[in-house]
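Working notes, structure below.
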Amino acid sequence: MTHSTPHKISDTPAISCRNISKSYGKVNALHDITFDVQQGEIFGVIGPDGAGKSTLFRILTTLLLPDTGDATVEGFDVVKEYKKIRKIVGYMPGKFSLYQDLTVEENLRIFATLFNTTIEENYHLVKDIYSQIEPFKTRRAGALSGGMKQKLALSCALIHKPSILFLDEPTTGIDPVSRKELWEMLRKLKSQGITIIVSTPYMDEASLCDRIALIQNGSFLRIDTPDNIVKSFGNRLISVRGENMGELLKRLREIPGVISCFAFGDSHHVAAEKSSNQLNSLTADTLAENLKKQGYTNLEVKNIEPGIEDCFMELTAK
Ligand code: ADP
Numbered sequence: 158m159t160h161s162t163p164h165k166i167s168d169t170p171a172i173s174c175r176n177i178s179k180s181y182g183k184v185n186a187l188h189d190i191t192f193d194v195q196q197g198e199i200f201g202v203i204g205p206d207g208a209g210k211s212t213l214f215r216i217l218t219t220l221l222l223p224d225t226g227d228a229t230v231e232g233f234d235v236v237k238e239y240k241k242i243r244k245i246v247g248y249m250p251g252k253f254s255l256y257q258d259l260t261v262e263e264n265l266r267i268f269a270t271l272f273n274t275t276i277e278e279n280y281h282l283v284k285d286i287y288s289q290i291e292p293f294k295t296r297r298a299g300a301l302s303g304g305m306k307q308k309l310a311l312s313c314a315l316i317h318k319p320s321i322l323f324l325d326e327p328t329t330g331i332d333p334v335s336r337k338e339l340w341e342m343l344r345k346l347k348s349q350g351i352t353i354i355v356s357t358p359y360m361d362e363a364s365l366c367d368r369i370a371l372i373q374n375g376s377f378l379r380i381d382t383p384d385n386i387v388k389s390f391g392n393r394l395i396s397v398r399g400e401n402m403g404e405l406l407k408r409l410r411e412i413p414g415v416i417s418c419f420a421f422g423d424s425h426h427v428a429a430e431k432s433s434n435q436l437n438s439l440t441a442d443t444l445a446e447n448l449k450k451q452g453y454t455n456l457e458v459k460n461i462e463p464g465i466e467d468c469f470m471e472l473t474a475k
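For the sequence shown, our numbering begins at 158 and goes up steadily by one.
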């Protein structure tokens with residue numbers, strides 16, 4: 158089922174952002190951010206806490222003024238035409254945004270009324286999501302589980318039929334099943350023609366986006382498809398697991414040919430130079446041999462394919 162979005166201006170990027178910077182006193186929260194989001198994309202802004210994701214979202218949803226730069230949403234200027242933007246965007250802020258003391262249904266009704274519509278009129282838009290929490294429609298929002306709160310917040314962000322959705326860390330702090338369900342819902346919304354810009358600190362969510370921007374300390378490190386970012390990883394990647402992992406991390410960093418080494422879950426990921434000279438090239442085998450000579454036993458050393466997190470580490474190391 159497809160639903161047209163009434164406000165869309167064809168060929169205009171859903172978001173166009175040029176050289177946006179923002180400081181809070183001495184904190185440089187965003188530095189020279191330039192990017193476009195195309196109509197119908199799921200665009201991910203991925204980076205750790207404090208990277209600047211919320212600041213960017215608040216500027217684009219007209220809640221905060223940039224210090225410098227220009228940005229448009231559906232062709233409307235975020236400063237001069239903020240009223241028009243507020244009518245056409247759905248925004249789910251990172252911190253829980255609902256009225257905790259009101260019921261599930263009352264929350265949804267308020268958001269509908271704010272935008273001069275009714276739950277009944279746009280029920281089809283939120284049906285997939287809202288029907289899951291509708292059995293609890295008389296429960297206070299504050300008494301919902303994390304996953305259910307997110308479903309209600311998403312329903313509230315959608316009830317006025319926005320053409321573009323801003324979701325600031327929608328999966329932070331919710332359980333893995335709710336996380337998976339949320340991403341499935343985003344796919345469905347995309348298929349209905351809604352553009353989605355979503356921020357997350359979880360690197361493993363990158364592959365669920367059409368394109369991503371990796372953000373660190375207020376700057377975009379790369380903007381591309383997740384596949385292209387992974388393909389551009391320039392080093393060899395070796396995973397090492399063994400005993401005494403803290404000590405092993407230090408040792409690994411001292412080995413010639415090791416560019417960087419980071420702890421990833423229960424193993425260490427070693428980025429090693431891909432040398433054209435086979436003799437100097439560090440491989441899983443030569444690395445294992447080197448560690449064995451240093452007295453390490455019971456090691457598991459193997460070549461692995463990089464993920465987005467490895468690329469993020471490589472880019473931040475540059
Ligand atoms: P993220 O959403 O990626 O966690 P934020 O945009 O919230 O990042 O924050 C970016 C930086 O700006 C951080 O260093 C944060 O501490 C700082 N910051 C955010 N909001 C404010 C504020 N209102 N006053 C001062 N500093 C702020």
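Backbone N, C-alpha and C fix where the C-beta goes; we use that ideal spot for every residue, glycine too.
- From the listed residues F268, S376, G399, the smallest Cα separation to N455 is found for G399.
- The secondary-structure analysis by DSSP pairs L324 across a beta bridge with M249, V355.
- Contact between the segment 420-430 and the segment 390-406 is present, with at least three C-beta pairs closer than 8 angstroms.
- One Cα belongs to Q196, the other to D168, and the distance between them is close to 8 angstroms.
- Assigned with DSSP and collapsed to three states, H317 falls in coil, not helix or strand.
- The beta carbon of R266 sits closer than 7 angstroms to those of I276, all from its chain and outside the five residues before and after it, given in chain order.
- C-alpha of I290 to C-alpha of G391: approximately 46 angstroms in a straight line.
- Distances taken from the Cβ of G209 to the heavy atoms of the ligand ADP include one shorter than 7 angstroms.
- Separation of the CB atoms of M305 and I203 is rounded to 25 angstroms, and the pair is thereby denied contact status at 8 angstroms.
- Across the set H188, L365, E198, I245, the C-alpha of H188 shows the shortest separation from the C-alpha of L213.
- As the crow flies, the alpha-carbon of G251 is around 25 angstroms from that of T274.
- Fully contained in the segment 348-393 are the following alpha helix (DSSP H) runs of length 4 or more, in chain order: 383-388.
- Along the segment 230-293, the beta strand (DSSP E) occurs as fully enclosed runs of 3 or more residues at 246-249, listed in sequence order.
- If you check the C-beta of Y181 against the ligand ADP, you find a heavy atom less than 7 angstroms away.
- When distances are taken from the beta-carbon of D206 to the heavy atoms of the ligand ADP, the shortest one is below 7 angstroms.
- Here K210 is buried. Its C-beta has 16 or more other C-beta atoms within 10 Å.
- Here T218 is not near N176, since their CB atoms are 8 angstroms or more apart.
- Residue range 199-203 is occupied by the beta strand (DSSP E) that includes G201, with no alpha helix (DSSP H) assigned at that position.
- Scanning its chain for C-beta atoms nearer than 7 angstroms, with the 5 sequence neighbours on each side dropped, one finds around N374 the residues A208, in chain order.
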